[in-house]
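Residue numbers (the working numbering): 1356 to 1535. Don't be surprised by glycine CBs; every beta carbon is placed ideally from N, CA and C. Everything numeric in this text was worked out from a predicted model, so none of it was measured. Notes follow the structure.
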């Protein structure tokens, strides 16, 4: 229920799809950002909308990251939602210096981290206050239903604002090699 609420507050009520950036790795550990359009919203039982299948998660971790800190190279232990509650995060793929994602509280505060193979990515927390976030792994490592709009980060969190559909993808995370 909490996850459905978090996904709902990440978009405007008028939208039909949630857009978010996913960070993925292939079998050789090469990383890439993709802009994803999630499955169409369904009407929530009372008011609002929810992303179907968004509750297919296994647990939830609340993390507090110190101000002006860096995690260096790291990767998630499992594919997961990363929800920024406060502060700021700057995610980069050092091998591709132009590839970066800025996550700020409020709009565009949700991403998928699924780069479970290879060296991983670098995340810095540049704000002067602690950054608070939720890490929410997907059940059985299965990524939610989505459509790939384009390579790279999303320019918006609302479908149709700045992104266009270019292909459909069901990325089978199970085909990735396990973490060692």
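Three-way DSSP call (helix, strand, coil) for residue 1462 in this model: Counted from its first residue, the chain shown places residue 1462 at position 107. Three-state result, residue 1462: coil.
Three-state secondary structure (DSSP) of residue 1375: The residue you call residue 1375 lines up with position 20 of the chain shown. Residue state, collapsed to three classes: strand.
Cβ neighbour criterion (16 or more within 10 Å) applied to residue 1380: Looking up residue 1380 in the chain shown gives position 25. Its Cβ being crowded by 16 or more others within 10 Å, residue 1380 is buried.
Contact the segment 1436-1452 vs the segment 1461-1469: 3+ CB pairs below 8 Å: yes
Contacting residues, own chain, Cβ-Cβ under 7 Å from residue 1384 (five flanking each side not counted): The residue you call residue 1384 lines up with position 29 of the chain shown. Cβ neighbours of residue 1384 beyond the five flanking positions: 1472, 1473 and 1474.
Those residues which DSSP pairs with residue 1486 across a bridge: Residue mapping note: residue 1486 aligns to position 131 of the chain shown, counting from 1. Bridge partners of residue 1486: 1420.
Same chain only: Cβ atoms within 7 Å of residue 1397, ignoring 5 sequence neighbours per side: Here residue 1397 is taken as the residue at index 42 of the chain shown, counted from 1. The answer, listed in chain order, is 1404, 1405 and 1407.
Option nearest residue 1445 by Cα separation, candidates 1372, 1506, 1480 and 1428: Position 90 of the chain shown, counting from 1, holds the residue named residue 1445. Ranking the options by Cα distance to residue 1445, first place goes to 1480.
Per-residue DSSP class, three states only, for residue 1495: The residue you call residue 1495 lines up with position 140 of the chain shown. Three-state result, residue 1495: helix.
Residues of its chain near residue 1525, where Cβ-Cβ distance is below 6 Å and the 5 sequence neighbours each way are ignored: As a position in the chain shown, residue 1525 is number 170, starting the count at 1. In this prediction, residue 1525 scores a pLDDT of 38, lower than 50, which makes its location untrustworthy; the coordinate-derived value is nonetheless stated afterwards. No residues qualify anywhere along the chain.
Residue 1488, buried or exposed, once every other Cβ within 10 Å from all chains shown has been counted against 16: If you number the chain shown from 1, residue 1488 lands on position 133. Classification of residue 1488: buried, given that the 10 Å Cβ count is 16 or more.
Minimum C-alpha distance to residue 1417 - residue among 1491, 1377, 1495 and 1507: For the purposes of this step, residue 1417 is taken as the residue at position 62 of the chain shown. Looking at the Cα atoms, 1491 is the closest of the given residues.
Enclosing beta strand (DSSP E) for residue 1387 [first to last residue]: Stepping through the chain shown from its first residue, residue 1387 is reached at position 32. Residues 1386-1393.
Spatial neighbours of residue 1452 in its chain, beta-carbon cut-off 7 Å, leaving aside the 5 residues before and after: Along the chain shown, one-based indexing puts residue 1452 at 97. So the list is empty, once near-sequence residues are dropped.
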